[in-house]
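End of the sequence shown = 1389 in this note's numbering, gap-free, step of one.
Below you'll find the structure, written out as structure tokens, and then a few comments.
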Amino acid sequence: MLDEIKTVALKEVGALVAEQARMQAELQEKLQGRIGPILQGFLADHPEVKALCWTQYVPYFNDGEECVFSVNGLNYSVVDERENHHYGEGWLEVTSYRQCEEVSADTHLALNELENLLTSGPMEDTLQAIFGSHAKITVTSAGVEVEEYDHD
């Protein structure tokens, strides 16, 4: 009798795990198709911003602390020609304390809000599921480019 109960319980837990995996895959597919157009819409709403870029990864070392995945700060460009490296010439870091003179106050606030959303816990999980770890994501009006990112 006990073995039968264990078997039923294990089957039910297995079914829940399978259902969760299916639902996560469906959500990932749905979000993957939406995130690019959403971020391109942000660029359309703020035409002085030509591109958005961020990196996301699990660090290799964290000074003895647990190494956990995170989406790193958002960078943006106000020029059409920029270096490939997101910290190079043509890229600016989103900061809450200093507004770039090339963007309006409204765009500055919107960039900060977007960065806060992208780096929030639930969104980090979503972005990891969509783009993976050790990735650099660049968004322009032409599309979303995902490149492998070596952070060491």
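Ideal Cβ placement from N, Cα and C applies to all residues, glycine included.
Under the three-pair Cβ rule at 8 Å, the region 1345–1362 does not count as touching the region 1373–1386.
For a cut-off of 8 Å, the C-beta gap from Glu1249 to Ser1341 is around 56 Å, too long to register as a contact. Each residue's CA atom was taken as its position, placing Asp1343 and Asp1300 some 38 Å apart. Cβ neighbours of Asp1317 within its own chain (closer than 6 Å, five residues either side excluded): Lys1287. Using a Cβ-Cβ distance cut-off of 8 Å, the region 1304–1312 and the region 1265–1277 are not in contact, since fewer than three pairs of beta carbons, one from each stretch, lie closer than that value. According to the DSSP secondary-structure assignment, Asn1312 is paired through a beta bridge with Cys1290, Glu1330. With respect to the 8 Å criterion, Val1376 and Gln1277 are classified as neighbours on the basis of their beta carbons. Counting of Cβ neighbours within 10 angstroms places Leu1253 among the exposed residues, the total staying below 16.
For the pair Arg1335 and Leu1280, the Cα-to-Cα distance works out to about 20 Å. Of Pro1296, Leu1329, Ala1258, the smallest CA-CA separation from Cys1290 is found for Leu1329.
Within the DSSP secondary-structure output, Thr1377 pairs in a beta bridge with Ala1288, Gly1380. Contact between Leu1348 and Val1331 holds, with the beta-carbon distance rounding to 5 Å and staying under 8 Å.
In the DSSP assignment, Thr1363 falls within the alpha helix (DSSP H) that extends over 1358–1368. In the structure shown, the three-state DSSP call for Glu1318 is coil.
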